[in-house]
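*Asks:*
Chains as they are written, first to last, in this note's numbering: chain R, 44 to 156; chain W, 1188 to 1301.
(1) With DSSP run on the structure shown, which of helix, strand or coil describes residue 111 of chain R?
(2) Keeping to the same chain, check which residues put their C-beta closer than 8 Å to that of residue 57 of chain R; ignore five residues upstream and five downstream.
(3) What did DSSP end up calling residue 1253 of chain W once you bin it into helix, strand or coil?
(4) Quick one: using the 10 Å Cβ neighbour count with 16 as the cut-off for buried, is residue 1283 of chain W buried or exposed?
(5) Give the residues of chain W in contact with residue 83 of chain R, contact being defined as C-beta atoms less than 9 Å apart.
(6) Rounded to a whole number of angstroms, what is the C-alpha to C-alpha distance between residue 1218 of chain W and residue 54 of chain R?
(7) Going by other Cβ atoms of all chains shown within 10 Å of its Cβ, with 16 needed for buried, is residue 145 of chain R buried or exposed?
(8) If you draw a straight line from the C-alpha of residue 1272 of chain W to the C-alpha of residue 130 of chain R, how long is it?
(9) If you follow the beta strand (DSSP E) that residue 1229 of chain W is in, where does it begin and where does it stop?
(10) Secondary structure at residue 173 of chain R, three-state DSSP: helix, strand or coil?
(11) By a C-beta neighbour count over all protein chains shown, 10 Å radius and 16 as the cutoff for buried, is residue 1199 of chain W buried or exposed?
(12) Where does the unbroken beta strand (DSSP E) through residue 1265 of chain W begin, and where does it stop?
(13) List the endpoints of the continuous beta strand (DSSP E) containing residue 76 of chain R.
(14) When the Cα atoms are used, what is the spatial distance from residue 1231 of chain W to residue 112 of chain R?
(15) Show which residues of chain W have a CB atom less than 8 Å away from the CB atom of residue 145 of chain R.
(16) Helix, strand or coil: which one does DSSP assign to residue 63 of chain R?
(17) I believe residue 149 of chain R touches residue 1295 of chain W by the beta-carbon criterion, under 8 Å. Please report the beta-carbon distance rounded to the nearest angstrom.
(18) If we call anything under 8 Å between Cβ atoms a contact, is residue 76 of chain R one with residue 107 of chain R?
(19) So the candidates are W:1227, W:1208, W:1300 and W:1293; which of them puts its Cα closest to the Cα of residue 1189 of chain W?
(20) Where residue 1237 of chain W and residue 1212 of chain W are concerned, what is the direct C-alpha to C-alpha distance, given to the nearest angstrom?
(21) Closer than 9 Å by beta-carbon distance: list the chain R residues that pair up with residue 1277 of chain W, in chain order.
(22) Nearest to residue 1280 of chain W by CA position, among R:88, R:151 and R:67, is which residue?
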């Protein structure tokens, strides 16, 4: 399974932008880059995903390096509700048309008021 | 639209018993997968079902099993419970198995084995 590497933790001041990095040097051409976040005592929540081009949605932006070996999740203005563990995941088929998500440790984001 | 629904939310079982957890995916979603989350091991993939067929299985013992019904609802069963099975069990659904699809998670079922 393709692996991702993320910092264990990061801090941000409220209302400032946050850049969460992810390295995935073994990514294959058909792997999609997905980001999920998990608040305490809740299931993971979808944030954003992409393949090659940068992506934007109402929650965040995803910047993908040209060689696709790394990506950055950008929260434009951090709020206290953004404090969570953020997971960067590579998603691809794994035989028989199926898939599985392989979660790493993720990055615990703390937002300082 | 309604999200992924998991029942029960909380349960306590005794070592040696068995447990069944239920998952109702988002309407129209045909792929359902299950994950176990523990403080020590993090989130680990259990299995994935599509159109009533298990197509992928994680590295868990045979005590962990599941099934999917024709309406895409899914159940997972753990037999002969051990203390180490205490965990948050998460169900996720997506339209199908394409990697481009968004995957939606339920709130999870908290299982405590005593």
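Built from N, CA and C at the ideal position, the CB exists for glycine as well. All values reported here derive from a predicted model rather than from experimental measurement.
*Replies:* Reading it off the structure:
(1) coil
(2) Answer for residue 57 of chain R: 121, 122, 123, 154, 155 and 156, listed in chain order.
(3) strand
(4) Of the residues assessed, residue 1283 of chain W falls on the exposed side of the cut-off, its CB having fewer than 16 other CB atoms within 10 angstroms.
(5) Near residue 83 of chain R there are no residues of chain W at all, since even the closest Cβ is about 11 Å away, more than 9 Å.
(6) 36 Å
(7) Burial call: buried.
(8) 23 Å
(9) 1229-1237
(10) In the structure as shown, chain R starts at 44 and stops at 156, and residue 173 of chain R therefore has no counterpart that could be examined.
(11) exposed
(12) 1261-1265
(13) Per DSSP, the continuous beta strand (DSSP E) segment holding residue 76 of chain R begins and ends at 75-81.
(14) 24 Å
(15) 1232
(16) strand
(17) 16 Å between Cβ atoms; not a contact.
(18) It is a contact, given that the beta carbons lie within the stated cut-off.
(19) W:1293
(20) The straight-line gap from Cα to Cα measures roughly 12 Å.
(21) By Cβ distance, chain R contributes 86 and 87.
(22) R:88
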